[in-house]
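Protein chains in written order, with my numbering: chain B, 1 to 490; chain E, 1001 to 1603. Think of the CB as a built atom: it goes at the ideal place given N, C-alpha and C, for glycine as much as any other residue. Below is one structure, written out as structure tokens; comments come after it.
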Amino acid sequence: MNFLNYLPLAMVVFPVLACLAIALGAPVRKTALATVVLNLALVLVVACFIPHTQGYHFVTSFPCISLPNFFEINLTLGVDGLSLAMILLTAVVSVAAVAVSPLNVRREAEFYICVLLISCGAMGAFLSLDLFFLYVFHEVALIPTFLLIGIWGGQDRKFAATQMTIYLAAGSLILLVGILGFYFALPEGARSMDLRVIHEILSSGRIPVVMQNIIYPLLIMGFGILISLFPFHHWAPAGYAAAPAPAAMLHAGVLKKFGLYGLLRLVVPYLPEGAQTFGNILLILLLVNILYIGLVTVAQKELNLMLGFSSVMHMGYIFLGLASGTPIGLTGAVILMVSHGLSAALLFGLASVIREKTGTTLLKDMGGLAIKAPMLAFLFITGALASMGTPGLGNFAGEVLIFFGAWKVHPWTTFFAIWGIVISAVYYLRAVRSIFFGELKTYPTEVKDFKGLAETWPYVLLVGMLVAIGIYPAWLIKWIEPSINLITNL
Amino acid sequence: MNWIVLLPPLIAAVLITLVLHPYKKISVFTSILACTISLGGALALFFSSSNEGLSSFVWAAVPGLKITIGAMGDHLAVLMLLVVTGVGLLIHIFSYGYMEQDPSLSRFYAKLSLFMFSMLGIVLADNLVMMFIFWELVGLSSYLLIGFWFQKPSAAEAAKKAFIVNRIGDFGFLLGILGTWAIFGSIHFTELKEIVATSGVPAGFSSGIVALVAFGLFMGCMGKSAQVPLHVWLPDAMEGPTPVSALIHAATMVAAGVYMLCRVFFILELSVSALDVIMWIGAITSIFAALIALQQNDIKRILAYSTLSQLGYMVMAVGIGATTEAMFHLTTHAFFKALLFLAAGSVIHGLHHEQDIWKMGNLKKYMPVTFWTFLIGTAALTGFPFLSGFFSKESILFAAYHQNIVVFSIGIFTALLTAFYMTRLVVVAFFGKERTHEVHHAHESPLVMTVPLIVLAILSLFGGVIGIDHYIGEHKVAHEAGGFYFVMGLSITCFLAGTAGALFIYLKAKAEPFSLPLLRDKFYSDEIYEACLVKPQQVLAKALSWFDYWVVGGVFVRLTSISAAGAGEILRLLQGGSLQAYVVMFILGVALLCYWFLVRVAL
Chain B
1 MNFLNYLPLA MVVFPVLACL AIALGAPVRK TALATVVLNL ALVLVVACFI PHTQGYHFVT
61 SFPCISLPNF FEINLTLGVD GLSLAMILLT AVVSVAAVAV SPLNVRREAE FYICVLLISC
121 GAMGAFLSLD LFFLYVFHEV ALIPTFLLIG IWGGQDRKFA ATQMTIYLAA GSLILLVGIL
181 GFYFALPEGA RSMDLRVIHE ILSSGRIPVV MQNIIYPLLI MGFGILISLF PFHHWAPAGY
241 AAAPAPAAML HAGVLKKFGL YGLLRLVVPY LPEGAQTFGN ILLILLLVNI LYIGLVTVAQ
301 KELNLMLGFS SVMHMGYIFL GLASGTPIGL TGAVILMVSH GLSAALLFGL ASVIREKTGT
361 TLLKDMGGLA IKAPMLAFLF ITGALASMGT PGLGNFAGEV LIFFGAWKVH PWTTFFAIWG
421 IVISAVYYLR AVRSIFFGEL KTYPTEVKDF KGLAETWPYV LLVGMLVAIG IYPAWLIKWI
481 EPSINLITNL
Chain E
1001 MNWIVLLPPL IAAVLITLVL HPYKKISVFT SILACTISLG GALALFFSSS NEGLSSFVWA
1061 AVPGLKITIG AMGDHLAVLM LLVVTGVGLL IHIFSYGYME QDPSLSRFYA KLSLFMFSML
1121 GIVLADNLVM MFIFWELVGL SSYLLIGFWF QKPSAAEAAK KAFIVNRIGD FGFLLGILGT
1181 WAIFGSIHFT ELKEIVATSG VPAGFSSGIV ALVAFGLFMG CMGKSAQVPL HVWLPDAMEG
1241 PTPVSALIHA ATMVAAGVYM LCRVFFILEL SVSALDVIMW IGAITSIFAA LIALQQNDIK
1301 RILAYSTLSQ LGYMVMAVGI GATTEAMFHL TTHAFFKALL FLAAGSVIHG LHHEQDIWKM
1361 GNLKKYMPVT FWTFLIGTAA LTGFPFLSGF FSKESILFAA YHQNIVVFSI GIFTALLTAF
1421 YMTRLVVVAF FGKERTHEVH HAHESPLVMT VPLIVLAILS LFGGVIGIDH YIGEHKVAHE
1481 AGGFYFVMGL SITCFLAGTA GALFIYLKAK AEPFSLPLLR DKFYSDEIYE ACLVKPQQVL
1541 AKALSWFDYW VVGGVFVRLT SISAAGAGEI LRLLQGGSLQ AYVVMFILGV ALLCYWFLVR
1601 VAL
């Protein structure tokens, strides 16, 4: 089917067109919502028609810069199972994020344009088959994130936005050097930015070990900063705590996964020797991410900071899956990427609702909300349970597969990592206990629950996805299996 | 066929939560109906030949690992299904009487159905991961039900504690599952059994590793079945509604640990040292909890410690290798302990939520049905000759007698203590004079509550002689082996001594005549936990948080901002403001780039 080939392009172009329309005076919220819903529909169409075979489908390519024999950049978009999983995540979280965006916000048009641009950048990054655009689209998404935090953010927004900008800009720079290094490490004359060509080249030959040992740390550090790998995690909790809900949802839920996606596309398949050289360092760092950050999370007194640290902690599990390099572990990592994105978006979205209703972010000032707001409690507890890895919700499926995948390769790391399931139970249950249970505290205004589906549907959408993955992960595994095979059969 | 057992409670839970919750009676009816259908399915499995009509689906399959949601149809599973659905149905019905006035009745039944679904999943599980999935779900539903009255701070805390302590057990369980998979290459029980039977432990795995794996699996049991030192959550779990205590924290969920041990016994068996650990932890739990029960005054807490003690018996039996005996005792215990809890619930209901036995007295006059059924439950628990508990306990003690004389002595002494504290409870609560004025207003519970009591009382009376043990398998030690009558005589003596002692001391007592703070304060387990685990972890978390904020965050942020400022300084020096300088620099830059590219291309 020919028109399918244009769907990836459409997913990137529609948000841009919507931004233009909004700038020209179209009704802001309606346009934005229509666009992200349309994008979700397009993703579902792709999901229906994508063949479960290896390689990229529905590829379109537009030449951009061409220096013969030297440098060639094309805007090449296409989908394989892995990117399908990621764009589904992007589309769903985008819908939820736009839907929960505030109704009467200062500079409404600019706000929604920023949200749409993040969505567009994330879509583009996950759809690009060209390294250059993969990188550029991510940058496109980062800038509006900074703006959303810096302009529309909450407490300490200036500091949070500045810190985040410094970290992520540094990360992006290191990443750029790493990607260029990768490019120049490809054999002369066959160099390409195209992921398909790269795969073909590297199926027959390998990147020299010396080069791998230089590129690997650069890419791990570059992507690692974007993923909030210890010790580069500090931007995340403060950033998310200050961010307006849609920005936190889109960044913690979707954009952060870009780093992991990059690792899956470049580092895991093509730099195995580099991984061998530096593997132990990564294992230690990811354990620090799980255990140390886990304990730091336990000590948090503010809901938003706690959620931010928790989201940092769970990156450790995904790293563990990637570090295992086994089909089981990689599959688990992808499932957890998607599920964590959904649950993080759910929790960050609801946290801002809680903040609005209680007028505080301090856990100790909350209490008894479940009496007045049972629907809110139900949704938040579901999100917390998902994040804790309770069966029936997607995160569990990811974590279990990661543990199985990593167990035979890195038994000790896995052993300690599994202790993390106790730590996350401690802080989530404590949060649930202090927000929702106990006696009702007095709040500045009377607490009211959601008014039915009209208000809850964005969250219900996220929960529905988590349940769909949780009770039957096989459908998602079927999507990503060919992509994982491509990586592990190299 | 297995779906008819498993799915109805799930459907009921979802329907009630999403649609039916505004309609209380319909919600209750849906939940009870679902439980009845499950019971019907279980009966159908009982009467059909095994494994016929069981089906499964693939939950997740990746090269090297296939996780299915399927079912086992062996006698072990079918017996457990009957216990769970049968006792479950009675408690569903009882709960309607007990909880009728509660404004959140629908929510209660939704959670009860969720629990039934999870519990049936554990029982049906045909592989370790499926078991773990439902294992965690049972923990979740237990959390939700303990915290049912979440406005009460004590209930909210108890729920949290139960979940976290269970998670510690699950940590070990998951490691045990992974270890089993790494050693034998499978997670499916039938496959594993075949592998173990044909080739044993593969070369390359030392006995130490096998013991660790077995211990990991046992840790799951320690959490769910509340074995020392992971027992601390169960007494607090009594904060939940009493029918929940009866169903989850006495009859079914806490027994899931024992069921799981019987399921994986062929793996535990590979390590003698693991079995020894299991036996000793069971024995220690049984006597430890029985001692604490001597000095408790809350009717539900006494029963809770009694449950701990009996679970210790079952675990000890597994450690001895007597799985048939363990399952036998699990079944009879489910009858009489559910009965005792429900009868206690009836008392609490009749006394408007009074739980202190020293504020009761002479209840036999006001609540005759409750009294008689409670008495039957007590008789069955304490080993009154020829009631259900007598036979099952007897079989465990007999097996212990042939295995380890110290463990046997602990078991016998625990039996004596059991007779003592249960008689104390009955005497203080049901006999003597009314201790408070409120007792005069006590009333017998309605039929919806007393009929389940009567049914359970009948099961407690005759559960020992209907051949439950023969349905599961062979006894570990045949009756013909020596000492059968010696053990029986000894345990009857213990029963008589314990009962007589308590009668002598408490029949006339106005208040507790002994004060043993060590026992009353539960050997300070909560305080020890607080001092050794909770506090240090809080301190560590705070210290790490400080470190993260000031050192990791501080240093990196400062370093990057200093370097950014430094770069700015350098750029400022270069930017003299003259146009020529810019042009020169631009050309220089372009030249550098060209040189770089050309050299790279030429190379």
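- Work out the CA separation of E/Tyr1524 and E/Lys1365 for me, nearest whole Å. 37 angstroms
- Uninterrupted beta strand (DSSP E) stretches inside the segment 273 to 317 of chain B (no shorter than 3 residues): none
- Task: Could you spell out where the beta strand (DSSP E) holding B/Ile65 opens and where it closes?
- Result: 57 to 67
- In chain order, each beta strand (DSSP E) run of at least 3 residues that lies wholly inside the segment 1017 to 1071 of chain E: 1057 to 1062, 1065 to 1069
- Item | Members of the segment 195 to 221 of chain B near chain E, C-beta cut-off 9 angstroms | none
- Query: If you scan the segment 1085 to 1128 of chain E from start to end, which runs of the alpha helix (DSSP H) of 4 or more residues do you find wholly inside it?
  - Reply: 1105 to 1124
- Task: Say whether chain B places a C-beta atom closer than 8 angstroms to the C-beta of E/Val1019.
- Result: no
- Query: Going by beta carbon distance, what residues of the same chain come within less than 6 angstroms of E/Ile1032, once the five residues before and after it are set aside?
  - Reply: His1092
- Whose Cβ in chain E lies nearer than 8 angstroms to the Cβ of B/Val338? Correct list: empty, because the minimum Cβ distance to chain E is about 14 angstroms.
- Task: For the segment 172 to 215 of chain B, list the beta strand (DSSP E) runs that are entirely contained and at least 3 residues long, ordered along the chain.
- Result: none
- Item | CB contact below 8 angstroms: E/Gly1321 versus chain B | no
- Task: Apply the 10 Å Cβ neighbour rule to E/Leu1010 and answer buried if 16 or more other Cβ atoms are within range, or exposed otherwise.
- Result: buried
- Query: Does the beta carbon of E/Ala1602 sit closer than 8 angstroms to a beta carbon anywhere in chain B?
  - Reply: Because the pLDDT of E/Ala1602 is 46, which lies under 50, any placement of that residue in the model is unreliable, and the number read from its coordinates should be weighed accordingly. E/Ala1602 does not count as touching chain B.
- Query: Any beta-carbon of chain B closer than 8 angstroms to the one on E/Arg1167?
  - Reply: yes
- Item | Distance between E/Met1219 and E/Leu1230 (C-alpha atoms, nearest Å) | 9 angstroms
- Query: Using a Cβ-Cβ distance under 8 angstroms, would E/Val1129 count as near chain B?
  - Reply: yes
- Item | Under the three-state DSSP convention, the category B/Leu75 falls into | strand
- Message: Which residue wins for smallest C-alpha separation from B/Met315, given the options B/Lys364, B/Gln276, B/Tyr261, B/Val353?
- Response: B/Tyr261
- Going straight from the alpha carbon of E/Glu1100 to that of E/Glu1239, what length do you get? 18 angstroms
- Tell me which same chain residues have a C-beta within less than 6 angstroms of the C-beta of B/Thr277, skipping the five on either side of it? Asn213
- Query: Any idea if B/Asp80 is buried or exposed, counting beta-carbon neighbours within 10 angstroms, 16 or more meaning buried?
  - Reply: buried
- Query: Closer than 8 angstroms, CB to CB, is E/Leu1544 near chain A or not?
  - Reply: Annotation note: the requested chain A is absent from the structure, which comprises protein chains B and E.
- Grab the span of the alpha helix (DSSP H) containing B/Cys48 for me, first residue to last. 28 to 49
- Item | Top-ranked residue by Cα proximity to E/Ser1142, from E/Trp1003, E/Ala1246, E/Tyr1401 | E/Ala1246
- What residues in its chain sit with their C-beta under 8 angstroms from that of E/Pro1446, if we drop five residues either side in the sequence? Gly1097
- Alpha carbon of B/Leu168 to alpha carbon of E/Gln1538, nearest angstrom: 32 angstroms
- Item | chain B within 8 angstroms of E/Asp1469, Cβ atoms only | no
- Straight-line gap, E/Leu1076 to B/Phe404 (C-alpha atoms, nearest Å): 28 angstroms
- Bridge partners - E/His1188, DSSP secondary structure assignment: E/Asn1127
- For chain E, is any of its Cβ atoms less than 8 angstroms away from the one on B/His234? yes
- Message: Quick check: the Cα distance between E/Leu1533 and E/Ala1162, rounded to an integer number of angstroms?
- Response: 15 angstroms
- Closer than 8 angstroms, CB to CB, is B/Leu295 near chain E or not? yes
- Task: State yes or no: is the beta carbon of B/Phe437 nearer than 8 angstroms to at least one beta carbon in chain E?
- Result: yes
- Message: Can you pull the chain E neighbours of B/Lys256, defined as C-beta to C-beta under 7 angstroms?
- Response: Per Cβ cutoff of 7 angstroms: no residues; B/Lys256 is ~18 angstroms from chain E at best.
- Got a sec: is the Cβ-Cβ distance from E/Phe1173 to anything in chain B below 8 angstroms? no
- Could you work out which residues of chain E lie near B/Thr331, taking near to mean beta carbons separated by less than 7 angstroms? Val1062
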